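To start, the structure itself, in structure tokens.
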Amino acid sequence: MTSPEFSPEFSLTRRDLMAALGAAALCPALPTAGSAQGRTAVALQAKTDHIRLRPDGPETAVWSLGSGDLRFRRGEVLDVTFGNDLPAPAALDCRGLDGVPAAEPLASRAPLAAGAKDTFQLPLRHAGTFLCEPLLGDGGTAPARPRPLIVTGTSPVAVDRDEVLLIEEWRLRGDGSAVPPGDDPKDSLAIQTINGKTSYDISAPANARLRLRFINGSQRGVLAVKLENLEVRVMAIDGQPAEPFSARNGALVLAPGSRTDVFVDAAGTPGTSFPILLHDGKQARPVGRLAISNDPPLRPAPFPPAPPLPGNDMPAQLDLKSAARFDLALGTPTEWFRPADFKPSAAPAFQAKAGRPVVLALTNRGAIASVFHLHGHHFRLLDRLDDGWKPFWLDTLAVEPGQTQRIAFLAEYPGRYLIEQVATDWAAPRLVRWYSVQ
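For the sequence shown, our numbering gives the first residue as 1420, with consecutive numbering after it.
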């Protein structure tokens, strides 16, 4: 058998991995709380935790918001109490939740000092896969772990199992401690985990349909994940439903912080297993498997291809001719701030009128790929001729060096929101600015 590292179907260079995020790989081949809708109290505490990354090694200290998925229903309003037990200032960042300016970190809510608490509301307008993490400045003593936030819709979705696969990347020193992002990793060992484990197995009866929510929880690395010899049908990206399509060769490319929901049918005989491979731009390695259990098949044959997921009432069209247009330079710290140096009094990167489409030209002037993240709104990735867009919404995009990518969104929610960029280098700083919708 050909080893995964040299599999011709999953052989990628770092440039291949970054280029895939220009949309080629995404395009089709042509804490305990009540679940009732209403107001729900949620307590999130940023604290020091530990994870065992090597079976024969010591536990590694990490900063986290607790363990397990946070699951709620669309339409709920979360009354969040956020506490900071870390030895550094921290703010709560919920990636992918559109239009919540009162909870926007840095732009509206200052980082909490150690021992402090904050309260605010998070309305859950959209169903989807989101992510909560402590927003920190560089220079901490441990890496921070994100925590998945799953918002289910009001209409049932025909799947037999719904599972989150949180992929994380680590740089481990010889003494078992982890290098925080933003620090030089030097001679550290790179390790990837799924749900905190270096090998993660999923077992399901034959013909079961699984919804797998892949999340790249890495702070810097673009990753590709592949389910070998299985049909992988992409259903949602960055929390928003997409026009369903088959992932090319069963592979997904994920920028840091991005999420892709797929449907996979456990099509095989009992005892069959399908490797889950992870590629970091240098090599592919197995990180788990999907195994067909010996239980009786759930149905005589797999389900037919699934229809699109219920929509989130996103804009049906964007009038690009009347859009406000702005240029943003990535890959350079000029006019950008580290989170610890950010001041809300700084000039905005751009200002838009509520209800008007916005087109941003993102040009990477750096030497390596840079990842852009837009808070407050999701965007469409425009075609090269600026005459259409890809059939999905995004909130995160990697831009190769020297490239310009254009994105468009409807300035739907008045308020102040962050934009972020970070180079795909472990030692690169996380940089922020803000924009205004009035």
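Glycine included, C-beta positions come from ideal geometry on N, C-alpha and C. Since this is a predicted model, take the numbers as computed values, not measurements.
So residue i packs on residue j, CB below 8 Å; how close in whole Å?
| i | j | result |
| --- | --- | --- |
| Gly1515 | Gly1658 | 4 Å |
| Ile1864 | Asp1488 | No statement about residue 1864 is possible, as the shown extent of the chain runs from 1420 to 1857 and does not include it. |
| Val1653 | Ala1666 | 5 Å |
| Ala1788 | Ala1743 | That pair is no contact at about 27 Å. |
| Pro1758 | Val1851 | 6 Å |
| Val1683 | Val1651 | 6 Å |
| Thr1459 | Leu1505 | Going by Cβ atoms, the distance from Thr1459 to Leu1505 rounds to 25 Å, so no, they are not a contact pair. |
| Val1519 | Leu1541 | 6 Å |
| Val1641 | Thr1843 | 6 Å |
| Pro1727 | Glu1662 | 6 Å |
| Ser1637 | Pro1675 | 5 Å |
| Ser1618 | Ala1480 | Wrong, their Cβ atoms sit about 22 Å apart, outside the cutoff. |
| Gly1774 | Ala1830 | 7 Å |
| Trp1482 | Ala1465 | 6 Å |
| Thr1571 | Arg1630 | Between Arg1630 and Thr1571 the Cβ distance is about 11 Å, and since that is not below 8 Å, they are no contact. |
Short check: CB of residue i to CB of residue j, under 8 Å?
| i | j | result |
| --- | --- | --- |
| Val1583 | Pro1567 | yes |
| Trp1853 | Tyr1836 | yes |
| Leu1531 | Ala1509 | yes |
| Asp1602 | Glu1552 | no |
| Leu1747 | Ala1768 | yes |
| Leu1779 | Arg1849 | no |
| Glu1523 | Gly1807 | no |
| Trp1755 | Gln1840 | yes |
| Arg1632 | Asp1680 | yes |
| Pro1776 | Ala1827 | yes |
| Ser1712 | Pro1810 | no |
| Asp1517 | His1545 | yes |
| Thr1573 | Arg1493 | yes |
| Asn1614 | Ala1720 | no |
| Leu1554 | Ile1621 | no |
| Thr1815 | Val1856 | no |
| Leu1804 | Thr1782 | no |
| Glu1495 | Gly1457 | yes |
| Arg1678 | Leu1550 | yes |
| Asn1668 | Lys1645 | yes |
| Arg1592 | Ala1609 | no |
| Gly1502 | Lys1536 | yes |
| Gln1611 | Glu1588 | yes |
| Trp1812 | His1797 | yes |
| Ile1381 | Leu1585 | Examination of residue 1381 is not possible in this model, given that the chain is present from 1420 through 1857 alone. |
| Pro1414 | Ala1526 | What is shown of the chain runs 1420 to 1857, which leaves residue 1414 out entirely. |
| Ala1507 | Ala1533 | yes |
Per DSSP, what are the beta-bridge partners of residue i in this structure?
| i | result |
| --- | --- |
| Ala1772 | Reading off the sequence, residue 1772 comes out as Lys, not Ala. Answer is none; Lys1772 lacks a bridge partner. |
| Ser1665 | Arg1652 |
| Glu1839 | His1792 and Val1851 |
| Pro1660 | Ala1655 |
| Val1641 | In DSSP, Val1641 forms no bridge with anything. |
| Ser1692 | Ala1710 |
| Gln1464 | Gly1502 |
| Phe1798 | Leu1813 |
| Gln1857 | None; Gln1857 has no bridge partner. |
| Ala1684 | A small correction: the amino acid at residue 1684 is Asp; Ala does not occupy that position in the sequence shown. Its beta-bridge partners are Arg1628. |
| Pro1705 | Leu1696 |
| Arg1825 | Ala1780 |
| Leu1671 | Val1644 |
| Phe1633 | Leu1584 and Thr1679 |
| Ala1623 | Ile1711 |
| Gly1834 | Val1856 |
| Trp1808 | Leu1801 |
(request) Tell me the start and end of each unbroken beta strand (DSSP E) in the segment 1540–1621 that is at least 3 residues and wholly inside, in chain order. (result) As for any beta strand (DSSP E) of minimum length 3 sitting wholly inside the segment 1540–1621, the runs are 1547–1554, 1566–1571, 1580–1591 and 1608–1613, ordered along the chain.
(message) Runs of 3 residues minimum, wholly inside the segment 1468–1544: which ones carry the beta strand (DSSP E) assignment?
(response) Runs of the beta strand (DSSP E) lying entirely within the segment 1468–1544, each at least 3 residues long, are 1479–1483, 1489–1492, 1496–1503, 1510–1514 and 1536–1542 in chain order.
(request) Would you check if there are 3 or more beta carbon pairs closer than 8 Å linking the segment 1585–1604 to the segment 1684–1696? (result) The segment 1585–1604 is not in contact with the segment 1684–1696.
(request) Can you check the segment 1736–1782 for any beta strand (DSSP E) of at least 3 residues that lies completely inside it and give the ranges in chain order? (result) For the segment 1736–1782, whole beta strand (DSSP E) runs of length 3 or above, ordered along the chain, are 1743–1749.
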